[in-house]
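Below is one structure, written out as structure tokens; the observations come after it.
Protein chains: 2
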Amino acid sequence: MDVYTCIRTKRDTRAYDSRHIAEDTLQRILQAGRMAGSAKNLQPCRFVVLQDDARKKELSTCGQFATHIVSAPAAVAIVVPQEGRELDAGRSAQNMMLAAWAEGVASCPVTMHDASCAHRVLGLPDTHRVSIVLAFGYPAPGERRRPSPRLPLDELVHQERW
Amino acid sequence: MDVYTCIRTKRDTRAYDSRHIAEDTLQRILQAGRMAGSAKNLQPCRFVVLQDDARKKELSTCGQFATHIVSAPAAVAIVVPQEGRELDAGRSAQNMMLAAWAEGVASCPVTMHDASCAHRVLGLPDTHRVSIVLAFGYPAPGERRRPSPRLPLDELVHQERW
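Those protein sequence lines, which keep their order, are chains A and B. With the working numbering applied, the first sequence corresponds to residues 104 to 265, in that order. With the working numbering applied, the second sequence corresponds to residues 104 to 265, in that order.
Encoded structure:
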């Protein structure tokens with residue numbers, strides 16, 4: 104898949120079928136997260152990979168709309184220093200989700216509304232906190248074609264000045 | 104270029120040659136920003152495109168390491184609501200920079216350390232603030248092969264628990 108097609112067709116998808124994600128695919132997803140640039144090349148993001156069903160179920164209790172972590176064959180928690188590096192986390196997240204989608208693996212970011220719950224489940228040190236969790240899995244039948252609408256480009260773009 | 108290669112080889116690059124970015128390439132870069140997913144599909148990001156030399160020079164005074172905005176043929180300011188949507192801005196930024204790199208256009212995020220300066224130069228409403236500025240341009244000769252090193256993957260990744 105070419106890059107622009109991958110970017111255009113990637114949608115946040117919450118329903119997955121039961122297929123396992125092969126280890127080499129998961130490695131490329133993580134490498135993509137690793138390769139994202141970061142401010143001053145500080146590389147603030149760390150990744151906690153969850154594939155165990157009991158662990159995913161536990162983590163899913165930390166978010167309000169997080170049940171799809173359970174059906175996803177893999178979840179990756181992006182962890183950042185307490186002071187926050189959300190823009191870098193977003194760059195890393197997008198890299199991982201695009202690398203996944205290039206191989207047919209769908210994904211969806213999951214907010215951990217109860218941060219202390221996620222902190223405990225993930226066993227994080229006090230210096231760090233979870234930024235976002237990404238759920239990964241092959242899309243369930245019928246899930247590929249339900250795009251969220253986007254605003255027209257001319258409502259988003261200003262030339263030279265707002 | 105395939106997606107994984109694009110992700111692996113994209114580096115933040117601050118030196119550009121004088122080539123103009125064609126309008127259709129710039130449109131694809133902006134479309135890529137538009138297509139990034141966002142929390143609850145709120146689509147919080149807006150884009151201010153700067154191509155005028157005087158405008159870019161003015162904006163470059165708002166950051167400590169922002170002089171490469173001047174030599175970049177185009178800059179895109181990502182603007183978010185005051186309450187902040189940095190993770191969504193990061194997703195959008197990465198989409199734009201990857202779509203650009205797929206066509207040979209390099210890029211680098213630029214922090215606006217003086218936010219009120221950027222706010223004034225960009226003419227933003229009080230409801231919004233700049234998240235990051237992306238400089239875009241074809242890499243200057245010799246610039247392609249100076250990668251910032253990345254930490255080994257096994258230092259970044261934890262299995263099941265930190």
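Every residue gets a Cβ at the ideal spot worked out from N, C-alpha and C, and that includes glycine. These numbers come from a predicted model, not from an experiment.
Proximity winner among B:L190, B:R131, B:A178, relative to A:R264 (alpha-carbon distances) = Taking only the C-alpha atoms, the option nearest A:R264 is B:A178.
What is the DSSP secondary structure of A:A209, counted as helix, strand or coil?
-> In the three-state reduction of the DSSP assignment, A:A209 falls in the strand class, which pools E and B.
Please name the residue, chosen from A:A135, A:A118, A:R114, that lies closest to B:D105 on a Cα-to-Cα basis.
-> Checked all of A:A135, A:A118, A:R114; the closest Cα to B:D105 is A:A135.
Starting from A:Q197, find everything on chain B with Cβ-Cβ shorter than 9 Å and list it in chain order.
-> Going along chain B in sequence order, the residues near A:Q197 (Cβ under 9 Å) are A139, G140, G193, R194, S195, A196, Q197, N198, L201.
According to DSSP, is A:S234 helix, strand or coil?
-> Reduced to three states, the DSSP call for A:S234 is strand.
Going by beta carbon distance, what residues of the same chain come within less than 6 Å of B:A139, once the five residues before and after it are set aside?
-> Counting only Cβ-Cβ distances below 6 Å, and skipping sequence neighbours, we find R194, S195, N198.
Three-state class that DSSP yields for B:Y107 in the structure shown = Helix, per DSSP.
What residues in the stretch 109-135 of chain B have a beta carbon less than 9 Å from any beta carbon of chain A?
-> Here the close residues are C109, I110, R111, T112, K113, R114, D115, Q130, R131, L133, Q134, A135.
Assign B:I124 to one of three DSSP states: helix, strand, or coil.
-> Correct three-state label for B:I124: coil.
Taking C-beta to C-beta, are B:Y119 and B:A205 nearer than 8 Å?
-> No.
Reduced DSSP category for B:R117 - H, G, I as helix; E, B as strand; rest coil | B:R117: coil per DSSP, three-state reduction.
Which of helix, strand or coil DSSP assigns to B:L153 = Of the three classes helix, strand and coil, the one that applies to B:L153 here is strand, per DSSP.
With 16 as the cutoff for other CB atoms within 10 Å, does B:H222 come out buried or exposed?
-> Burial check for B:H222: the Cβ neighbour count within 10 Å reaches 16 or more, so the residue is buried.
Is it the case that the Cβ atoms of B:H123 and B:P176 are separated by a distance below 8 Å?
-> With contacts defined by Cβ atoms closer than 8 Å, B:H123 and B:P176 form a contacting pair.
Chain-order list of residues whose beta-carbon lies under 8 Å from that of B:V182 (same chain, five-residue window excluded) | Excluding sequence positions up to five before and after B:V182, its CB lies within less than 8 Å of the CB of C148, R149, F150, V151, L225, L227, H231, R232, V233, S234, all in the same chain and listed in chain order.
Using the beta-carbon of each residue, which ones in chain B are nearer than 8 Å to A:P297?
-> This structure does not reach residue 297 of chain A, given that chain A is present from 104 up to 265, and the question cannot be answered.
So, helix, strand or coil for B:H216, using DSSP?
-> DSSP places B:H216 in the coil class of the three-state scheme, outside both helix and strand.
So A:F168 and A:S210 are in contact, right, with Cβ under 8 Å, and what is the actual spacing, rounded?
-> About 15 Å separates the beta carbons of A:F168 and A:S210, which is beyond the 8 Å limit, so they are not a contact pair.
A:G240 by DSSP, collapsed to three states: which one?
-> Strand at A:G240.
Mind listing, in chain order, the continuous beta strand (DSSP E) runs of no fewer than 3 residues lying wholly within the stretch 170-211 of chain B?
-> Entirely contained in the stretch 170-211 of chain B, the beta strand (DSSP E) runs reaching 3 residues are, in chain order, 177-184.
What is the C-beta distance between A:V236 and A:A202, in whole angstroms, given that I count them as a contact (C-beta under 8 Å)?
-> Contact between A:V236 and A:A202 fails: their C-beta atoms lie close to 17 Å from each other, not under 8 Å.
May I ask which residues mark the beginning and end of the beta strand (DSSP E) holding A:Q146?
-> From DSSP, A:Q146 is part of no beta strand (DSSP E); its letter is neither H nor E.
Assuming B:L190 contacts A:A192 (C-beta within less than 8 Å), just tell me the rounded distance between them.
-> 6 Å between Cβ atoms; contact.
In the DSSP assignment, what residue or residues form a beta bridge with B:V260?
-> DSSP output for B:V260 lists A:F150 as bridge partner(s).
For B:L254, count neighbouring Cβ atoms within 10 angstroms of its own Cβ and tell me buried if that reaches 16, exposed if not.
-> It counts as exposed.
How big is the Cα-Cα spacing for A:L133 and A:P212?
-> Note on geometry: alpha-carbon atoms of A:L133 and A:P212 lie some 15 Å from one another.
Beta-carbon contacts of A:A218 that lie in its chain and below 7 Å, excluding the five residues immediately before and after | Same-chain partners within the cutoff: R232, V233.
Per-residue DSSP class, three states only, for A:A139 | If DSSP states are grouped into helix, strand and coil, A:A139 belongs with coil.
Tell me, please, whether the CB atom of A:D155 is closer than 8 Å to any CB atom in chain B?
-> Interface flag for A:D155 against chain B is set, since a Cβ pair is found closer than 8 Å.
Excluding the five sequence neighbours on either side, which residues of its own chain have a C-beta within less than 6 Å of the C-beta of B:M200, listed in chain order?
-> Correct list, in chain order: S210.
Interface partners of B:V151 on chain A, CB under 9 Å | Per Cβ cutoff of 9 Å: V260, H261, Q262, E263, R264, W265.
Proximal residues of chain A, C-beta to C-beta of B:I235 below 8 Å | L190, listed in chain order.
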